[in-house]
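Each step along the sequence shown adds one to the number in numbering that gives the first Met the number 0, with nothing skipped, and position 167 is 166. Every residue, glycine too, gets a C-beta built ideally from N, C-alpha and C. What follows is a set of notes on a single structure, which appears directly below.
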Amino acid sequence: MPILTLALGLLAFAFIYFLQKKGQSFLVRVLVATVLGAALGLLLPGTTEYIGAIGQIYVNLLKALVVPLLLVSIIHTVISLEDFATLRSIGAKTITTLGVHNILGSLIAIIVASLLGVGKHAEVNIPAGTEAAEVPSVIETMVSFFPTNIIDDAANNRVIPIIVFAILVGLGVLLYKDKEKITPFTGFITAANEVMFSVISTVTKFTPYAVLALLTDKVGSMDLSSVGDLLLVLIAVFIASFFHSFISTPAMVAVMGRVNPWPFIKRYFPVFMLGFTTQSSTGAISANVEAQTKMGVPERIASFSASIGSVFGMPGCAAIWPVTIAVFTINALGLEVSFSFYAYMILMALLVSIGTVGVPGIATIVATAFFLGLDLPAEMVILMTPISAVADMARTATNVQAAGSTGIIVAELERDLDESQYVAE
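In structure tokens, the structure reads:
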């Protein structure tokens with residue numbers, strides 16, 4: 000049966016290639032791949048490992064691009080800036096916009112989870128011996144931002160230390176007085192940056208095929224039989240995630256960025272689906288950067304917002320997910336809470352996302368730290384394990400959507416967005 004699924008998948012690949020030859024847009028091909036992938040997964044469950052391997056190869060390629068892309072593009076970004084004030088301005092606007100994403104994500108999660116009544120009438124039994132995930136202290140997290148061995152950080156995809164290292168190298172170039180001596184280095188960085196974007200452009204052309212393969216595997220391997228009372232939590236997470244991605248995020252683009260959000264929604268959708276199927280915010284960085292630059296965002300802003308957005312703000316993992324679980328816990332345990340508690344919940348989600356930025360296993364760690372901050376039983380986070388992998392599809396896609404929109408907003412706030420390119424097909 001896996002051979003049959005693979006054969007049908009290859010036929011679907013051929014159809015997508017046919018659409019490409021007929022001149023169908025990238026968006027149309029991704030949408031078709033989404034439908035075909037979901038259909039194959041539903042029709043042939045449990046037989047998707049072969050076609051899933053094709054999608055995993057694509058994910059591995061994307062992840063392999065992350066470290067060289069971050070190093071080269073951020074060094075290039077810093078050395079191309081005129082002064083430190085520009086770097087500070089871009090950084091402040093990026094962090095602020097991602098913070099707004101986090102706050103909105105929490106607010107939406109509270110409303111959706113409350114309206115659906117998640118946790119009401121649920122039977123909650125915390126197994127004996129259940130231990131919550133260990134949360135690193137703020138000091139430990141802050142220390143981990145700074146690289147001790149850049150090779151080890153690269154091997155383990157630790158994004159924050161790589162960003163810090165790249166910024167330090169870029170600042171070293173800016174501060175070096177005799178620019179003639181380091182011309183070979185700056186020339187190498189510029190050339191390497193061009194090469195990286197050429198590689199990224201080539202790899203991302205295969206996105207429709209990857210979406211089809213990955214979605215076939217995800218849908219075909221889902222097992223919701225053990226979900227029970229948690230199904231409503233999963234539904235709430237998906238509703239809140241999609242609402243934030245396609246309603247409140249476009250609203251931010253319109254209000255904060257002062258541009259029509261429709262071109263962003265339409266042209267960025269393939270990257271959203273890439274986040275949805277790969278379940279990797281860092282893996283989507285390269286496609287994120289390319290999509291932003293095609294929409295008229297300067298490369299320095301695109302690379303900065305995409306990289307920072309993969310580890311900070313994260314409305315899916317650091318807001319919608321922990322807040323929805325918290326509402327479930329409050330209802331399931333019959334706790335009486337005030338309006339001010341929900342306001343504190345929104346603030347806590349933002350603070351925890353800052354305090355755990357860049358920590359591996361971010362969704363579980365953030366949720367655990369969030370529960371500890373609210374004095375709720377952190378063991379409840381572990382009870383969400385049966386639905387966490389499925390929820391991660393929506394969580395990650397929402398994070399990726401937020402990071403992409405942040406680049407658009409920051410570029411417009413810096414008066415550096417090429418608006419003619421933004422609206423171009």
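### Query
Do T215 and V29 have their C-beta atoms closer together than 9 Å?
Indexing the sequence shown from 1 puts residue 215 at position 216. Indexing the sequence shown from 1 puts residue 29 at position 30. No, Cβ-Cβ distance for T215 and V29 is not below 9 Å.
### Task
Kindly indicate the opening and closing residues of the alpha helix (DSSP H) around V380.
For this step, residue 380 is matched to residue 381 along the sequence shown. Its alpha helix (DSSP H) spans residues 378 to 382.
### Where T129 falls: helix, strand or coil (DSSP)
In the sequence shown, the residue the question calls residue 129 occupies position 130. Interpretation of T129 is limited by its pLDDT of 48, a score under 50 that renders its predicted location unreliable; no figure is taken from the coordinates.
### Query
From this set, R394, A13, L68, which residue's C-alpha is nearest A305's C-alpha?
The count along the sequence shown starts at 1 and reaches residue 305 at position 306. The shortest C-alpha separation from A305 is found at L68.
### Query
Among L412, L375, S200, A388, which residue has its Cα nearest to the Cα of M221?
Position 222 of the sequence shown, counting from 1, holds the residue named residue 221. Of the listed residues, the one whose Cα sits closest to M221 is A388.
### Message
For G372 and M347, what's the separation of their Cα atoms in angstroms?
### Response
Against the sequence shown, residue 372 aligns to sequence position 373. Against the sequence shown, residue 347 aligns to sequence position 348. Rounded to whole angstroms, the gap between the alpha carbons of G372 and M347 is 7 Å.
#### Entry: When S279, A317, L173 are compared against L61, the one with the closest alpha-carbon
The sequence position of residue 61 within the sequence shown is 62, counting from 1. Of S279, A317, L173, the residue nearest in Cα terms is S279.
### Task
Please say whether F241 and A393 have beta carbons closer to each other than 9 Å?
Translated into positions along the sequence shown, residue 393 becomes position 394. Translated into positions along the sequence shown, residue 241 becomes position 242. Going by beta carbons, A393 and F241 fall inside the 9 Å limit.
### N- and C-terminal bounds of the alpha helix (DSSP H) containing G40
Along the sequence shown, one-based indexing puts residue 40 at 41. Annotation: the continuous alpha helix (DSSP H) that includes G40 extends over 25 to 42.
### Task
Express the C-alpha separation of D177 and H100 in angstroms, rounding to a whole number.
As a first step, residue 100 must be located in the sequence shown, where it is residue number 101. As a first step, residue 177 must be located in the sequence shown, where it is residue number 178. Cα-Cα distance, rounded: 42 Å.
### Message
Rounding to the nearest angstrom, what Cα-Cα distance links L9 and I188 in this structure?
### Response
On the sequence shown, position 10 is the one that residue 9 refers to. On the sequence shown, position 189 is the one that residue 188 refers to. Computed Cα separation, rounded: 39 Å.
### Query
How is the alpha helix (DSSP H) around G51 delimited, first residue to last?
Position 52 of the sequence shown, counted from the first residue, corresponds to residue 51. From DSSP, the alpha helix (DSSP H) with G51 extends over 48 to 79.
### Query
Where does T93 sit, in a helix, a strand or coil, going by DSSP?
Indexing the sequence shown from 1 puts residue 93 at position 94. The answer is helix: DSSP assigns T93 an H, G or I state.
### the region 260 to 273 in contact with the region 296 to 305 per 3-pair CB rule at 8 Å
Verdict: no, contact absent.
### Message
Which residue wins for smallest C-alpha separation from I161, given the options V409, P146, G406, G98?
### Response
Working through the sequence shown from its first residue, we reach residue 161 at position 162. Closest by alpha carbon: P146.
### Message
For the pair the region 403 to 410 and the region 109 to 120, tell me if three or more CB-CB distances fall below 8 Å.
### Response
Touching, no, given that fewer than three Cβ pairs across the two stretches are closer than 8 Å.
### Query
Which word fits Q420, buried or exposed, when buried means at least 16 other C-beta atoms lie within 10 angstroms of its C-beta?
In the sequence shown, counting from the first residue as 1, residue 420 sits at position 421. Q420 should be labelled exposed.
### Query
Where does F205 sit, in a helix, a strand or coil, going by DSSP?
Your numbering for residue 205 matches position 206 in the sequence shown. Coil, per DSSP.
### Query
Looking only at its own chain, which residues have a Cβ that is under 7 Å from the Cβ of A127, when we skip the five neighbours before and after it?
Reading the sequence shown from its first residue, position 128 is the one you call residue 127. Here A127 scores only 49 on pLDDT, less than 50, and its place in the model is too uncertain to base an answer on.
### Query
In or out: F338 buried (at least 16 other Cβ within 10 Å) or exposed?
Here residue 338 corresponds to residue number 339 of the sequence shown, with the count starting at 1. F338 sits exposed, since fewer than 16 C-beta atoms from the chains shown fall within 10 Å of its C-beta.
### Task
Measure from the alpha carbon of A342 to the alpha carbon of each residue in V380, T277, L103, then state which is nearest.
As a working note, residue 342 is residue 343 in the sequence shown. When only C-alpha atoms are compared, the closest one is L103.
### Message
For A153 and L334, I'd like the C-alpha separation in whole angstroms.
### Response
Looking up residue 153 in the sequence shown gives position 154. Looking up residue 334 in the sequence shown gives position 335. Each residue's alpha carbon lies about 45 Å from the other.
### Query
Which ranges would you report for the beta strand (DSSP E) in the region 298 to 337 if only whole runs of at least 3 residues count?
Within the region 298 to 337, not a single complete beta strand (DSSP E) segment reaches 3 residues in length.
#### Entry: F145 - DSSP class collapsed to helix/strand/coil
By one-based count along the sequence shown, residue 145 stands at place 146. Three-state DSSP puts F145 in coil, outside helix and strand.
### Query
Apart from the five residues on each side of it in sequence, which residues of its chain come closer than 6 Å, Cβ to Cβ, to A209?
One-based indexing of the sequence shown puts residue 209 at position 210. Answer for A209: G54, Y57, listed in chain order.
### Task
For L375, name the three-state secondary structure that DSSP assigns.
Indexing the sequence shown from 1 puts residue 375 at position 376. Of the three classes helix, strand and coil, the one that applies to L375 here is coil, per DSSP.
### Task
Please report how far the alpha carbon of A401 lies from the alpha carbon of L97, in whole angstroms.
For this step, residue 401 is matched to residue 402 along the sequence shown. For this step, residue 97 is matched to residue 98 along the sequence shown. Each residue's Cα considered, the two are about 7 Å apart.
### Query
Going by alpha carbons, who is nearest to F370 out of S352, T4, T33?
Taking the sequence shown and counting its residues from 1, one reaches residue 370 at position 371. Ranking the options by Cα distance to F370, first place goes to S352.
### Query
Enumerated in chain order, which unbroken segments of the alpha helix (DSSP H) with a length of 4 residues or greater are wholly contained in the region 218 to 303?
230 to 242, 248 to 254, 261 to 277, 284 to 293
#### Entry: Buried versus exposed, by CB contacts within 10 Å (16 or more), V142
Walking along the sequence shown from the start, residue 142 turns up at place 143. Under this definition V142 is an exposed residue.
### Query
Using CA coordinates, which residue listed in I166, N330, W261, L375 is at the minimum distance from K120?
Your numbering for residue 120 matches position 121 in the sequence shown. For clarity, residue 120 is His in the given sequence; the question names Lys instead. H120 has its Cα closest to that of N330, out of I166, N330, W261, L375.
### Query
If you count every other CB in all the chains shown that lies within 10 Å of the CB of V252, and 16 or more means buried, which is it?
Here residue 252 refers to the residue found at position 253 of the sequence shown. Flag for V252 reads buried.
### Query
Quick one, are the C-beta atoms of F263 and G403 less than 9 Å apart?
If you number the sequence shown from 1, residue 263 lands on position 264. If you number the sequence shown from 1, residue 403 lands on position 404. For F263 and G403, yes; Cβs fall inside 9 Å.
### Query
Would you call the CB atoms of A317 and A362 closer than 9 Å?
Looking up residue 317 in the sequence shown gives position 318. Looking up residue 362 in the sequence shown gives position 363. For A317 and A362, yes; Cβs fall inside 9 Å.
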